[in-house]
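Residue numbers (my numbering), protein chains in the order written: chain A, 27 to 377; chain B, 27 to 377.
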DNA sequence: TAAATTTTCGGAAACGTTTCCGAAAAAAAG
DNA sequence: CTTTTTTTCGGAAACGTTTCCGAAAATTTA
């Protein structure tokens, strides 16, 4: 019986509207509206009276009606390659914190690193009239035509992390060059002589920049670019494993690996351990974009920490600025990180 | 100049509405609406004509206006303890896949394991008029008053994973009892004699059930409940580490640990390794609710895999059923998993 | 005290749909 | 060929807001 009661209650339950409040107080609908958006001319006492009784009556402004009037959805779309990835889930938290506090809702979608999914997501979101878009490109995305079209229409889009240099939009990036340089320099200073960089595919800016940072360090310390070379690998653990195994099989193992990211570094470590090669005694390893994993693996992994939360926050703030002030000239914000040195790269013989 | 052009274009750009389409074809607005919601009486040819020219004109129905008319937000709120956690992010993917395909949008919030955050999230979401709620309780949540009130109003809410037995709502749970039983049984069959269960706090159903599964296995194999006991630990890695260190210090180490979850198991492993105790030769370990980590740690961790995606999918489907058919009697769906046996629990001497 | 100004408010249109109602057109039945 | 039934469509109200416009009330100025 009580269960039946709850059904009827639900069916009968009506949200109290602005009209109900107006009627109750014998004021106009517009006055109630004014009371709730305190930018208009309304006497202080009536405003307070309205707000008070509205609260009593349990009135909440209907966000949908407001959106319809204001021609704004107050929705922001976020597209990332995957949110199981700690880097992205942490970034999303930063994004959400900023946007929700400004009354926006955040719709999150993931491309699973596929271009078609990414495109579909962006289309779904723009069909849903999001007021702006935050995008981190999938690994597959070479074709940026659709983004160019949206940007040309003046649609606010901010890119972060996985960007494409040629897109005329604001971006938030990490200083990959600099920190890859530092990571490599750290290996050099530890006394590792022959260092290979396991790189991601070259069309990704982040992969390219990390590669360049590596090369710059090699150059600065007068080491041979032939001896200390770059191997295009990928971004996945299995790819790091496979390449390392090949190097072992070809007896072409370096003294240390500077890796494009942690998964590749972990893959390399897996191959090394499988072949009973000691880390860091025989081969040192550094990763990039650390996750909580870095502390858990054995040996713990030296890596570059990115300011994930700040990246999200900054991205969201750039977007809000663009939504509110219109599109000025594109702006690229570069953030700094931190090299966390752990066991995988510290030569015990040196200490 | 081109940049200035894009500004004006944006300012000028107007979405084409149903009226524009109607005017263009000299038909009524209602006909166009009928064409797009094919439940109404409309001649086949006119419908096709309308759809065709609507597409030509780039018309997309305005979801906000539709929501206002239909008195539905087509938004679903999801509140989880944290989405950095792989378990939850994978579950969310299952939820999203189902809901998005039915035209719903998913608003995700996290409580960070705090009751006040959880409450605030639920309030924010209901102010935003979500049509339903999917909730996994925070560790702190003892007070369920607010949920009771919402449920009494007939508000559709489905709980998953972190549930509270006393709430009269549909739930999706994992058969923790059964799989904890299997995990413990596996340790027993490997020949481990003295087994401790590192348990979570007792007010969480999942912790309680995993503990009971452990006890049931101990009982079934006629092992002493005093010898093979339960230690209330927590859910975090540090807690597992701390307890294990205490056991080591008190010379009270068992032959194996059955743990409430993977973080606690990893913490125990960390403490064991720090004390040069060999896993699994001296002490075996099994975890629960595996993540990708299980394969990466050394030794790899035996754990119970939960069907995360299916959990999300099932939860979303239950919610949709409730939204569409009204609240019938609460329904509890229990899903099965899989015990993945890895190095941390396999006695080499046995093989 | 009358006129001018400012403050406060109500009426009504608008946002873009869906849906009810009734009428016109077409088809079927007589 | 008329009458009845069915199919197809247009008009208009409604959803719950915001906002423009103008008028009434209150205040200031002369």
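Don't be surprised by glycine CBs; every beta carbon is placed ideally from N, CA and C.
Taking CB atoms only, residue 61 (chain A) has no neighbour in chain B less than 9 Å away. Note that the C-beta distance between residue 224 (chain A) and residue 283 (chain A) is below 9 Å. With a threshold of 9 Å between beta carbons, residue 110 (chain B) makes contact with chain A. In the three-state scheme derived from DSSP, where H, G and I count as helix and E and B as strand, residue 181 (chain B) is classed as coil. Counting only the Cα atoms, residue 332 (chain B) lies some 24 Å from residue 192 (chain B). For residue 200 (chain A), the enclosing beta strand (DSSP E) covers residues 196-200.
At a cut-off of 9 Å between beta carbons, residue 50 (chain A) makes no contact with chain B. Residue-level contact check: residue 349 (chain A) does not touch chain B, since none of the beta carbons of chain B fall below 9 Å from its beta carbon. Contacts with chain B at 9 Å (Cβ-Cβ) include residue 91 (chain A).
Excluding five sequence positions before and after residue 66 (chain B), the CB atoms of its chain that fall closer than 7 Å to its own CB belong to 60, given in chain order. Listed in chain order, the positions of the region 306-336 of chain B with a beta carbon within less than 7 Å of a beta carbon of chain A are 319, 322, 323, 324.
Among the residues of chain B, none has a CB under 8 Å from the CB of residue 83 (chain A); the nearest is roughly 15 Å distant.
CA-CA distance, residue 119 (chain B) to residue 280 (chain B), rounds to 39 Å. Annotation for residue 336 (chain A): 120, 361 place their beta carbon closer than 7 Å to its own, counting only its chain and skipping 5 residues before and after.
Collapsing the DSSP output to three states places residue 363 (chain A) in coil.
Note: residue 290 (chain A) is not bridge-paired with any residue in the DSSP secondary-structure output. For chain A, the residues of the region 96-120 of chain B that bring a beta carbon within less than 7 Å of one of its beta carbons are 99, 109, 110, 112, 115, 116, in chain order.
Beta bridge pairing from DSSP links residue 358 (chain B) with B:197. For the region 209-278 of chain A, the continuous alpha helix (DSSP H) assignments of 4+ residues that do not extend past its boundaries occur at 231-246, 263-275, in sequence order.
Annotation for residue 146 (chain A): the continuous alpha helix (DSSP H) segment containing it runs 141-153. Excluding residues up to 5 positions away in sequence, 325, 326 lie with their Cβ nearer than 6 Å to the Cβ of residue 369 (chain B) in the same chain. The CB of residue 131 (chain B) comes closer than 7 Å to the CB of 133, 154 in chain A, given here in chain order.
For the set B:240, B:233, B:204, the Cα lying nearest the Cα of residue 221 (chain B) is the one of B:240. Taking the CA atoms as reference points, residue 50 (chain A) sits about 27 Å from residue 178 (chain B).
Excluding five sequence positions before and after residue 173 (chain A), the CB atoms of its chain that fall closer than 7 Å to its own CB belong to 183, 193, given in chain order.
By the criterion of a C-beta distance shorter than 8 Å, residue 339 (chain A) is surrounded in its chain by 120, 121, 123, 124, once the five residues flanking it on both sides are discounted.
As DSSP reads the structure, residue 338 (chain B) sits in no beta bridge. Buried is the label assigned to residue 107 (chain B), since at least 16 other Cβ atoms lie within 10 Å of its Cβ. Looking only at B:64, B:70, B:84, the smallest Cα-Cα distance to residue 45 (chain B) is reached by B:84. In this structure, residue 102 (chain B) keeps its C-beta atom at 9 Å or more from the C-beta atom of residue 136 (chain B). By the C-beta criterion, the region 196-211 of chain B is judged not to be in contact with the region 257-277 of chain B, since fewer than 3 inter-stretch pairs fall below 8 Å.
Residues of the same chain with a CB within less than 7 Å of the CB of residue 42 (chain B), apart from the 5 flanking positions on each side, are 83, 84, 85 in chain order.
Taking CB atoms only, residue 299 (chain B) has a neighbour in chain A less than 9 Å away. Put simply, the CB of residue 150 (chain B) is near chain A, with a gap under 9 Å to one of its CB atoms. Counting along the chain, no alpha helix (DSSP H) covers residue 332 (chain A), and no H or E run does either. Boundaries of the alpha helix (DSSP H) harbouring residue 94 (chain A): 89-96, taken from the DSSP string.
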